[in-house]
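For reference, the structure discussed in these notes is given below.
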Amino acid sequence: MKKRKLKEHVQDVMDGHSDDRLGATDVCMRWIFSKEKWDGLKATSLEIREQCGKQSELGVFAKKEFGAGETVVDIPHEKILRCPPVPDSIESEISRLSDSDPKFKKIAEHDTAVNFMLWVALAQAKADRNSPFHAYATSLPSKSPDLVSNLERYSSDEAFTKTNAYTSAYNLKQDLAYFYSNLLSTSTDCSCTFEELLWARGMCVSRSFPAHLVDPNCWEKEPCLLPFVDLLNHKQGAKIKLCSTSRSDGSSGLAFITKEPIAAGQEIFNNYGDDKSNETLLWSYGFCLPNNPTDTFTFSLGVLRLDIHSAELTSELLKIIGIPSAIKAEEESPGGVRLSVGPLHLTQRKGPTTTQEEGVVPKCGGPKSNGGPEATAVAGRKGG
1 MKKRKLKEHV
11 QDVMDGHSDD
21 RLGATDVCMR
31 WIFSKEKWDG
41 LKATSLEIRE
51 QCGKQSELGV
61 FAKKEFGAGE
71 TVVDIPHEKI
81 LRCPPVPDSI
91 ESEISRLSDS
101 DPKFKKIAEH
111 DTAVNFMLWV
121 ALAQAKADRN
131 SPFHAYATSL
141 PSKSPDLVSN
151 LERYSSDEAF
161 TKTNAYTSAY
171 NLKQDLAYFY
181 SNLLSTSTDC
191 SCTFEELLWA
201 RGMCVSRSFP
211 AHLVDPNCWE
221 KEPCLLPFVD
231 LLNHKQGAKI
241 KLCSTSRSDG
251 SSGLAFITKE
261 PIAAGQEIFN
271 NYGDDKSNET
281 LLWSYGFCLP
291 NNPTDTFTFS
301 LGVLRLDIHS
311 AELTSELLKI
321 IGIPSAIKAE
331 EESPGGVRLS
341 VGPLHLTQRK
351 GPTTTQEEGV
361 VPKCGGPKSN
371 GGPEATAVAG
381 RKGG
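Going by full-length UniProt numbering, the first residue of the sequence shown is number 1, and it counts up by one from there.
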């Protein structure tokens, strides 16, 4: 009877009918490593537990001491979720829409939209219990932490709604809705709702890694999802390394290696990047760091009703000295244009920042401009 109840509970978790995220994560770990190996790791090396009493926030802790240079885990390559190829039907529809709709073409050429097949794959894996990645998808949080997925949470903060971060997130969400409604809403090859796609995108933005870690021949901006590794919380200064491994049986994997000692009982951290501003952290991961030494502040200046020649000349001069600007037609003044200057960044950065070669493996994601408005300075960190 106990075995039957356990089996039924595991199936509920796999089907998404349970709020037991720790249980779902345990099922996922068995899928990644095999039941026997995961049971061994739990007994001797690793423990996954709740943070602050919340199942939505998990952390990975060491049950033994790890020395500098020691491998914490080795993820099999076949358990890494990569961007699947775009179906021919979708590719031809993208081409048709891009030829006839300039707005769609601009959205389709954006880096984030190019990777939409990874979002679709994750959304479908969560819905399809026969998917090889179903155990992974159902172990993820039910809500995405990224800013685009949580605009409503910040919409009542008038100061924040005027920041570059909020405006960029709002515009991107509108673009994603346009992209979805024109391309994916009626597709049988990429069937998922917009809400499911938005959730999957948020998961990818907050959890993905550069795919060149597992495939040096991939497109340079392609992301991938690394089960287990994406459970690890962020800590500035944490020294880690991800590298491909080869096994005696001919298979390969991706090793997570600590470059500094970890004592038994300590949390095992990843490092999402030591040079990330609070806006970048909020955009992708839904948290900011108090007293972030690499925080930035973004502001833009506007000059109204220039003639087009003066605006273009001014824009070229600004470009020479490294200041971005944009020219837009001014509706209130026929023939006049608005020259927007910025965004500019004020930073409190002190000294050199840690680079990837020194032990930082950046996650993908982030807004185009890396400012950090004071209004975004909310405390917290990404849960597992």
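Backbone N, C-alpha and C fix where the C-beta goes; we use that ideal spot for every residue, glycine too.
As the structure is a prediction and not an experimental result, all values here were calculated from the model.
Assignment of beta strand (DSSP E) within the stretch 43-96, counting only whole runs of 3 or more residues, yields 46-51, 54-62, 71-76 in chain order.
Using a 10 angstroms sphere on the CB of Pro102, the tally of other CB atoms stays under 16, which defines it as exposed.
Between Pro145 and Gly286, the C-beta spacing is below 8 angstroms. 8 angstroms or more divides the Cβ of Ser252 from the Cβ of Asp189. The alpha carbon of Val114 has as its nearest neighbour, out of Ala121, Thr71, Glu222, the alpha carbon of Glu222. Here the stretch 65-80 makes contact with the stretch 255-267; the two share three or more CB pairs at distances below 8 angstroms. As DSSP reads the structure, Arg338 sits in a beta bridge with Lys328. In summary, Trp219 is exposed, with fewer than 16 beta-carbon neighbours lying within 10 Å of its beta-carbon over all protein chains present.
DSSP, reduced to helix, strand and coil, places Ala263 outside both helices and strands of the structure shown, so it counts as coil.
According to the DSSP secondary-structure assignment, His234 is paired through a beta bridge with Asn270. Check the Cα spacing between Asn171 and each of Ser149, Pro87, Thr294, Ser185: the tightest is with Ser149. Sixteen is the threshold: when 16 or more other Cβ atoms of the shown chains lie within 10 Å of the Cβ of Ser277, as they do, the residue is buried. When DSSP states are grouped into helix, strand and coil, Cys218 belongs to the coil group.
In the three-state reduction of the DSSP assignment, Asp307 falls in the strand class, which pools E and B. Annotation: Leu317 to Ala329 spans about 20 angstroms, alpha carbon to alpha carbon. Sequence-distant Cβ neighbours of Thr44 in its own chain, meaning closer than 8 angstroms and more than five residues away, are Lys63, Lys64. In this structure, Ser208 and Leu197 do not form a Cβ contact; the two beta carbons are roughly 15 angstroms apart against a cut-off of 8 angstroms. Distance check between Ser142 and each of Met203, Glu47, Pro293, Leu118 places Met203 closest, using alpha-carbon atoms only.
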